[in-house]
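Here the structure is laid out as structure tokens; the discussion comes afterwards.
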């Protein structure tokens with residue numbers, strides 16, 4: 578997703594995707610500090626929020642304008658470091674940070690409900706001193722409204738509820754194992770190409786090579 582955004586804003590050439598996840602390439606599956614558009618390596622699961630909160634706190638201490646944006650997954654709330662960071666941000670009144678959480682309820686090991694269920698995530702986040710908004714993650718206007726609803730002295734957490742097969746209903750039969758999607762056979766690849774052609778409104782021939 579990050580690489581696609583970089584291409585859209587002109588910070589990366591689309592030909593760079595030819596090197597995606599190949600040995601020796603900087604266009605890694607999980608970006609590192611040497612990858613396009615990456616300034617720091619956020620390390621293991623849940624370290625990104627702590628890194629971003631430190632940047633936001635430093636900017637706040639320097640009276641610098643602007644906001645620090647964080648995009649993370651609901652699975653990262655399975656890690657204690659995330660909760661420690663929420664408490665620290667509330668304590669230091671770090672209110673120049675906006676955290677968008679992709680709540681898709683699935684991870685590499687399957688459905689989150691079967692791995693480590695988080696229950697009422699919004700109800701758990703707010704007592705840590707954060708402002709929490711729960712929205713339809715596919716509704717851009719709802720995201721804009723939520724992003725502008727921060728409260729003074731509090732970090733803003735936006736729970737963007739999403740479907741990992743939005744716009745690609747073919748993938749629904751694989752849910753919740755959609756963290757990595759690999760074709761199991763040549764037949765399945767053709768089946769997916771045909772399904773995507775229907776959803777995109779193009780001919781199957783246009784999907785060849787996709």
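Numbering (the numbering used here), first residue to last: 578 to 787.
Backbone N, C-alpha and C fix where the C-beta goes; we use that ideal spot for every residue, glycine too.
Sequence-distant residues of its chain with Cβ nearer than 7 angstroms to residue i (five each side left out)
{"i": "residue 671", "result": "630, 633, 634, 637, 732"}
{"i": "residue 737", "result": "677, 678, 679, 680, 712, 714, 720"}
{"i": "residue 766", "result": "760"}
Same chain, Cβ closer than 6 angstroms to residue i, neighbours up to 5 away in sequence not counted
{"i": "residue 685", "result": "756"}
{"i": "residue 734", "result": "676, 702, 707, 709"}
{"i": "residue 730", "result": "670, 672"}
{"i": "residue 749", "result": "742"}
{"i": "residue 695", "result": "654"}
{"i": "residue 596", "result": "602, 604"}
{"i": "residue 593", "result": "604"}
{"i": "residue 689", "result": "682"}
Residue i versus the options, residue with shortest Cα-Cα distance
{"i": "residue 758", "options": "771, 741, 604", "result": "741"}
{"i": "residue 613", "options": "602, 623, 622", "result": "602"}
{"i": "residue 648", "options": "679, 642, 663, 743", "result": "679"}
{"i": "residue 705", "options": "738, 654, 725, 746", "result": "654"}
{"i": "residue 608", "options": "587, 583, 592", "result": "583"}
{"i": "residue 700", "options": "711, 599, 767", "result": "711"}
{"i": "residue 663", "options": "586, 597, 627, 752", "result": "627"}
{"i": "residue 691", "options": "769, 754, 642, 650", "result": "754"}
{"i": "residue 644", "options": "725, 697, 689, 698", "result": "725"}
{"i": "residue 646", "options": "625, 581, 770", "result": "625"}
{"i": "residue 739", "options": "765, 687, 651", "result": "651"}
{"i": "residue 641", "options": "668, 666, 674, 616", "result": "674"}
DSSP-derived helix/strand/coil call for residue i
{"i": "residue 738", "result": "strand"}
{"i": "residue 605", "result": "coil"}
{"i": "residue 612", "result": "coil"}
{"i": "residue 590", "result": "coil"}
{"i": "residue 617", "result": "coil"}
{"i": "residue 600", "result": "coil"}
Neighbourhood of residue i by C-beta, 8 angstroms cutoff - its chain only, sequence neighbours within 5 removed
{"i": "residue 693", "result": "655"}
{"i": "residue 728", "result": "672, 708"}
{"i": "residue 591", "result": "584"}
{"i": "residue 744", "result": "776"}
{"i": "residue 768", "result": "747"}
{"i": "residue 860", "result": "With the chain represented from 578 up to 787, any question about residue 860 goes unanswered, as that position is not in the structure."}
{"i": "residue 616", "result": "610"}
Taking 8 angstroms as the threshold, find out whether the region 652 to 663 comes into contact with the region 718 to 725 through three or more Cβ pairs. no
Segment contact, 8 angstroms Cβ cut-off, at least three pairs: the region 771 to 779 with the region 705 to 716: no
Which whole runs of the beta strand (DSSP E) in the region 623 to 699 are 3 residues long or more, in chain order? 645 to 650, 674 to 680
Where are the alpha helix (DSSP H) runs, 4 residues long or more, that stay fully inside the region 704 to 779, in chain order? 717 to 724, 763 to 777
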